[in-house]
Amino acid sequence: MKNVLVIGMGKVGSLVGTLLAKRFAVTGMDLRQPSTKLPFDVLLGDVNDISFLESTLKNFDAVVSAMPYNLNLPIAQTAHKLGIHYFDLTEDVPTTSAIREMAKTSTAVMAPQCGLAPGLIGIVGADLAKRFTKLRDIELRVGALPRFPNGLMGYSFTWSPAGVINEYINDAEVIHNGEVKMVTSLDGIEHIQIEGQEFEAFSTSGGLGTMCETFAGKVDTLNYKTIRYPGHAKLMKFLLYELILKDKRQLVEQILTEAKPPVQEDVVYVYAVVEGWKGTELAREEFYRAYKPIEIDGKHWRAISWTTAASVAAVVEMVADGKLPQQGFLKQEDIDFGSYLETQNGSFFVERTSSSQM
409 MKNVLVIGMG KVGSLVGTLL AKRFAVTGMD LRQPSTKLPF DVLLGDVNDI SFLESTLKNF
469 DAVVSAMPYN LNLPIAQTAH KLGIHYFDLT EDVPTTSAIR EMAKTSTAVM APQCGLAPGL
529 IGIVGADLAK RFTKLRDIEL RVGALPRFPN GLMGYSFTWS PAGVINEYIN DAEVIHNGEV
589 KMVTSLDGIE HIQIEGQEFE AFSTSGGLGT MCETFAGKVD TLNYKTIRYP GHAKLMKFLL
649 YELILKDKRQ LVEQILTEAK PPVQEDVVYV YAVVEGWKGT ELAREEFYRA YKPIEIDGKH
709 WRAISWTTAA SVAAVVEMVA DGKLPQQGFL KQEDIDFGSY LETQNGSFFV ERTSSSQM
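Written out as structure tokens, the structure reads:
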């Protein structure tokens, strides 16, 4: 793998390209030129123009989509047709299901869900699970939040508004009492304490990726919840269901984006808990990190941007190095966490958090 196309030159996509350009020949693609200078060329084009997409992708060994979930399928279909590696950050279950079906006849890797959740959190959870003889519970939590919240919602849209709303509206897959079930997003609220600060966590769609299938019959409980400041879920329920804005996604995305623009000082919490037996002894393993903004190549990057970008870039590296399968569908939980941390981009998660482990 030498030539990589990164589609979507927003904050995350720009950084994905910047990180990968340190090793690969990277080209970006977007509808318009980025507002800041990047260390690689950017093509102008529309992913909905299939003929343009095909003529462009045939010149690359791999493509990384940093586009909103609803724009990934044309890219994945074209990558599949041309036999090049495909990576994305989607949390959308139908999109992933369609990609998984394509992967049955793929001659290259098809790796969706390479972000934080799904993505890193599944890799971490599976790594903890390997330490047990028999499993009981796997509980995974991720939150991307402003460090200094204001307002009742206590939130800032540092990530795709379309993706956030999609996670809040679609049902979530879990394992409960040993059975795979669907539960309503924004429900199952629990209150948690992180370093003396109170938060709430609730079910959202897509965070587990394919883990329910992987761990079916092996655990009593498996779930993923999103971390927010207290009261967030109640307000989102009011907005989406009492005001019935769930049927007007573009409108609600516009409202929330204008009301809660991105902040520069954010924090990403990653917390995983696994319980089970080690031999005859009941045990519990935990993983906790608080990721904050960092500087890369002299530029300030939000926590959500660099953690997401480094996540997918690390997986690209592992495929390029032959440490992961070279064709077919890639489950995030099949990625070895130790090998992931040894990559150039995976090392960000070691260097920035050595003092944060519980």
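Numbering of the sequence shown is given in my numbering, commencing with residue 409 and proceeding in unit increments. We treat Cβ as the ideally placed atom computed from N, Cα and C, and that holds for glycine.
4 or more residues per run - each alpha helix (DSSP H) lying fully within the region 463-505: Whole alpha helix (DSSP H) segments, 4+ residues: 480-490.
Touching by the beta-carbon criterion (3+ pairs, under 8 Å), the region 664-684 and the region 551-563: These segments touch.
Backbone secondary structure at GLY436 - three-state DSSP: If DSSP states are grouped into helix, strand and coil, GLY436 belongs with the strands.
7 Å Cβ shell around ILE583 - same chain, five flanking residues per side excluded: Excluding residues up to 5 positions away in sequence, CYS620, PHE623, ALA624, VAL627, THR629, LEU630 lie with their Cβ nearer than 7 Å to the Cβ of ILE583 in the same chain.
In chain order, each alpha helix (DSSP H) run of at least 4 residues that lies wholly inside the region 593-669: Segments of the alpha helix (DSSP H) lying fully in the region 593-669: 619-623, 640-645, 657-667.
Alpha carbon of GLY350 to alpha carbon of MET518, nearest angstrom: Any answer about residue 350 is impossible in this case: the structure gives the chain only from 409 up to 766.
Extent of the continuous beta strand (DSSP E) run through TYR563: Here TYR563 belongs to no beta strand (DSSP E), and DSSP marks it neither H nor E.
CB contact flag (PHE607, GLY596, <9 Å): Not closer than 9 Å, so no.
Rounded straight-line distance, which links the Cα of MET590 to that of ALA516: Near 31 Å, if we compare the C-alpha coordinates of MET590 and ALA516.
Cβ-Cβ separation, GLY615 to GLU694 (assumed contact under 8 Å), whole Å: The Cβ separation is near 18 Å, so there is no contact.
Rounded C-alpha distance that separates SER763 from VAL572: Note that SER763 has pLDDT 37, beneath the 50 cutoff, so the model's placement of it is unreliable and the number below is only indicative. Approximately 30 Å, taken between the alpha carbons.
Whole-angstrom distance between ASP742 and ALA429, CA atom to CA atom: For ALA429 and ASP742, the distance between alpha carbons rounds to 26 Å.
Contact under 9 Å by Cβ, LEU548 with PHE757: No; because the gap between Cβ atoms is not below 9 Å, this pair is not in contact.
Residue environment, TYR748, which counts as buried when at least 16 other CB atoms sit within 10 Å: Buried, by the Cβ-count rule.
Contact between the region 704-711 and the region 729-736 (3+ Cβ pairs under 8 Å): Flag = no, the region 704-711 and the region 729-736 do not touch.
Spatial distance of LYS731 from ALA722 (CA atoms): Rounded to whole angstroms, LYS731 to ALA722 spans 11 Å at the Cα level.
Assumed close pair ALA711, TYR699 - CB separation to whole angstroms, cut-off 8 Å: Confirmed, about 5 Å.
Identified DSSP bridge partners for ASP449: Paired residues: THR435.
GLU725, DSSP secondary structure in three states: In this structure, DSSP gives GLU725 a helical state, which the three-state scheme calls helix.
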